[in-house]
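Student: Here it is, the structure in full.
Structure, rendered in structure tokens:
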């Protein structure tokens, strides 16, 4: 099989997996005829798809492709084989499942780290009542009125888009449309439609805060998922012919890369002082917030990053009772039972159960890689490479371990 054949079969494999579990393909912007052909096939057996993925990995070794493309395809075929095996009823230990999908080893966090985060919050939010109660009061004051949610999202999106366009070229006809939805296991979701257009859904059930919305909009749109899809459609797919990038498969290394960079989007385009920046935008909308305090609180809360991954390990690796997982989330994340049970819904969803790792380990890996900069290498330079290149978590981890920034390496 030649290189084009392997890439085509990878795309077919992903589309066939989506036939078995709709939602596994987050977006496909490739040949519509190929999708129609797969949609008109009889449903495949998952065991056959697992065998096909393994065969394609063997074929891949002998094809003439650039090393970065081979590495990308091999990593995604490992993930696809694991997805198919699970759909066939094979029991895969949770930690092994996460490693196969995302190329990372996960382990529990440290409660001492969580206690230090609580101590910081305790100093920032003095007053009577428990820390959880004081944090809840702080968040209540920070909440965007539901009737103002869509207008606030649009204002933040416009401001972030202006900043992104100053740093990274975007197609002139790119567009994000926002809709407010309910009854979803997530807070926001980007549906990339192709042709440089996205539909971003914001879940109103959760109650969004002024200090949270900038990160959410940056994550889903500018410079996060929408921006990445646009630039890869123009560059990797359009100019360089990397047709494999037209498929975005849930529970694959793509996801850890995409979520890690999206979670750090606000850091990349606004950075320190984002609280005051947000406060000014909110002020123009007639909303009041203490931007400096909001930024300090969110920084303290970042010390609780791994709590949700710990909860996933409790639920799927140690088989803890769901009520115990809820209690764990309430204790360390300082959230209500209602919010903890909403988190549990995401953690327990068959499609999304491993996905929390993409946010946790994605942020840790991408942040370490972004911080690994040469003197001539700006944060925008580093972030642009994430937007434009077919990178994998393993490739980033190797650079972080070596401690050698990409742009400072001797090209010879």
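Numbering (my numbering), first residue to last: 1 to 412. Every residue gets a Cβ at the ideal spot worked out from N, C-alpha and C, and that includes glycine. On a predicted model such as this, the values are computed, not experimentally measured, just so you know.
1. Residue 250 by DSSP, collapsed to three states: which one?
2. Reducing DSSP to helix, strand and coil, say where residue 412 ends up.
3. How is the beta strand (DSSP E) around residue 106 delimited, first residue to last?
4. Just reading off the alpha helix (DSSP H) that residue 307 is part of, what are its end residues?
5. In angstroms, rounded to a whole number, what distance separates the CA positions of residue 282 and residue 231?
6. Counting only the same chain and skipping the five closest in sequence on each side, list residues whose C-beta sits under 7 Å from that of residue 390.
7. Which residue spans inside the segment 198-258 form an unbroken beta strand (DSSP E) run of at least 3?
8. Assign residue 393 to one of two classes, buried (16 or more other C-beta atoms within 10 Å of its C-beta) or exposed (fewer than that).
9. Quick one: what's got a C-beta closer than 8 Å to residue 411's C-beta in the same chain, skipping five residues either side?
10. Three or more C-beta pairs closer than 8 Å, one from the segment 301-318 and one from the segment 149-163: is that the case here?
11. At what residues does the alpha helix (DSSP H) containing residue 157 begin and finish?
12. Excluding the 5 residues flanking residue 204 on each side, which residues of the same chain have their C-beta closer than 8 Å to its C-beta?
13. What residue range is occupied by the uninterrupted beta strand (DSSP E) comprising residue 26?
14. Across which residues does DSSP place residue 192 in a beta bridge pair?
15. Roughly how many angstroms separate the alpha carbons of residue 86 and residue 178, rounded to a whole number?
16. Does the distance from the C-beta atom of residue 340 to that of residue 326 stay below 7 Å?
17. With distances taken from CA atoms, which of 2, 363 and 152 is nearest residue 63?
18. Starting from the Cα of residue 176, find the closest Cα among 201, 167 and 184 and give me that residue.
19. Which term fits residue 105, buried or exposed, when burial requires 16 or more other beta carbons within 10 angstroms of its beta carbon?
20. Express the C-alpha separation of residue 355 and residue 38 in angstroms, rounding to a whole number.
21. Would you call the segment 2-16 and the segment 25-35 in contact, with 3 or more CB pairs under 8 Å?
22. Sort 273, 131 and 125 by Cα distance to residue 331 and report the nearest one.
23. Residues in its own chain within less than 8 Å of residue 111 by CB, not counting five upstream and five downstream?
24. Ordered along the chain, which non-local residues of its own chain (more than five positions away) have a Cβ less than 6 Å from that of residue 386?
25. Between the segment 295-314 and the segment 245-255, are three or more C-beta pairs nearer than 8 Å?
26. Which two residues bound the contiguous beta strand (DSSP E) that contains residue 177?
27. Using only the alpha-carbon positions, how far apart do residue 29 and residue 103 sit?
28. If you compare alpha carbons, which of 329, 81 and 379 is closest to residue 307?
29. Whole-angstrom Cβ separation of residue 134 and residue 125, contact assumed at under 8 Å?
30. Checking the sheet assignment: what are the DSSP bridge partners for residue 143?
31. Roughly how many whole angstroms lie between the Cα atoms of residue 395 and residue 401?
32. For residue 48 and residue 88, what's the separation of their Cα atoms in angstroms?
33. Just checking my contact of residue 113 with residue 213 at CB under 8 Å: how many whole Å lie between their CB atoms?
34. Let me confirm a value: residue 323 is counted as buried when at least 16 other C-beta atoms fall within 10 Å, else exposed. Which label applies?
Tutor: Inspection of the coordinates gives the following:
1. Residue mapping note: residue 250 aligns to position 250 of the chain shown, counting from 1. In this structure, DSSP gives residue 250 a state outside helix and strand, which the three-state scheme calls coil.
2. On the chain shown, position 412 is the one that residue 412 refers to. Low local confidence applies: a pLDDT of 31 at residue 412 is under 50, so the model's placement there is unreliable, with the coordinate-based value given in what follows. In the three-state DSSP reduction, residue 412 falls in the coil class, being neither helix nor strand.
3. Position 106 of the chain shown, counted from the first residue, corresponds to residue 106. Here residue 106 belongs to no beta strand (DSSP E), and DSSP marks it neither H nor E.
4. Locating residue 307 in the chain shown gives position 307, where the first residue counts as 1. Element bounds for residue 307: 307-316.
5. For the purposes of this step, residue 282 is taken as the residue at position 282 of the chain shown. For the purposes of this step, residue 231 is taken as the residue at position 231 of the chain shown. Going by C-alpha positions, residue 282 is about 30 Å away from residue 231.
6. As a working mapping, residue 390 is identified with position 390 in the chain shown. Only 68, 69, 72, 236, 242 and 245 meet the Cβ criterion.
7. Taking only runs of at least 3 residues, the beta strand (DSSP E) segments lying wholly in the segment 198-258 are 247-249.
8. For the purposes of this step, residue 393 is taken as residue 393 along the chain shown, with counting starting at 1. Burial call: buried.
9. Locating residue 411 in the chain shown gives position 411, counting from the first residue. Note on residue 411: pLDDT 35, under 50, position unreliable in the model; no value is reported.
10. Verdict: no, contact absent.
11. In the chain shown, residue 157 corresponds to position 157, counting from 1. First-last of the alpha helix (DSSP H) with residue 157: 149-167.
12. Counted from its first residue, the chain shown places residue 204 at position 204. For residue 204, where only same-chain residues beyond five positions count, the Cβ hits under 8 Å are 146, 149, 180, 181 and 182.
13. By one-based count along the chain shown, residue 26 stands at place 26. Here the beta strand (DSSP E) through residue 26 covers 25-28.
14. On the chain shown, residue 192 is found 192 positions in, with the first residue counted as 1. By DSSP's assignment, residue 192 forms a beta bridge with 198.
15. Start at 1 with the first residue of the chain shown, and residue 86 comes out as number 86. Start at 1 with the first residue of the chain shown, and residue 178 comes out as number 178. Their backbone Cα atoms lie some 34 Å apart in a straight line.
16. Looking up residue 340 in the chain shown gives position 340. Looking up residue 326 in the chain shown gives position 326. Yes, the Cβ-Cβ distance between residue 340 and residue 326 is below 7 Å.
17. As a first step, residue 63 must be located in the chain shown, where it is residue number 63. Of 2, 363 and 152, the residue nearest in Cα terms is 2.
18. By 1-based counting over the chain shown, the position of residue 176 is 176. Nearest C-alpha to residue 176: 201.
19. In the chain shown, residue 105 corresponds to position 105, counting from 1. Here residue 105 is exposed. Its C-beta has fewer than 16 other C-beta atoms within 10 Å.
20. If you number the chain shown from 1, residue 38 lands on position 38. If you number the chain shown from 1, residue 355 lands on position 355. Cα to Cα, residue 38 sits roughly 26 Å from residue 355.
21. Yes: at least three Cβ pairs fall under 8 Å.
22. Here residue 331 is taken as the residue at index 331 of the chain shown, counted from 1. When each option's Cα is compared against that of residue 331, the closest is 131.
23. Mapped onto the chain shown, residue 111 falls at position 111. If we look at residue 111 and ignore the five residues flanking it on each side, its Cβ neighbours are 332.
24. Position 386 of the chain shown, counting from 1, holds the residue named residue 386. Within the same chain, Cβ atoms closer than 6 Å to the Cβ of residue 386 are found at 261, the five residues on either side in sequence being excluded.
25. These segments do not touch.
26. Counting from 1 along the chain shown, the entry for residue 177 is found at position 177. Where residue 177 is concerned, the enclosing beta strand (DSSP E) stretches over 175-181.
27. Within the chain shown, the letter at position 29 stands for residue 29. Within the chain shown, the letter at position 103 stands for residue 103. Cα-Cα distance, rounded: 25 Å.
28. What you label residue 307 is simply residue 307 of the chain shown in a count that begins at 1. The candidate whose alpha carbon is nearest that of residue 307 is 329.
29. By one-based count along the chain shown, residue 134 stands at place 134. By one-based count along the chain shown, residue 125 stands at place 125. Contact between residue 134 and residue 125 is confirmed by a C-beta separation of about 4 Å, below the 8 Å threshold.
30. For the purposes of this step, residue 143 is identified with residue 143 of the chain shown, where counting begins at 1. Paired residue(s): 209.
31. On the chain shown, residue 395 is found 395 positions in, with the first residue counted as 1. On the chain shown, residue 401 is found 401 positions in, with the first residue counted as 1. Distance between the alpha carbons of residue 395 and residue 401: 10 Å.
32. Counted from its first residue, the chain shown places residue 48 at position 48. Counted from its first residue, the chain shown places residue 88 at position 88. Taking the straight line from one Cα to the other gives about 9 Å.
33. The count along the chain shown starts at 1 and reaches residue 113 at position 113. The count along the chain shown starts at 1 and reaches residue 213 at position 213. Cβ-Cβ separation between residue 113 and residue 213: approximately 26 Å, too far for a contact (criterion under 8 Å).
34. Residue 323 sits at position 323 when you count from the first residue of the chain shown. Residue environment for residue 323: exposed (fewer than 16 other C-beta atoms within 10 angstroms of its C-beta).
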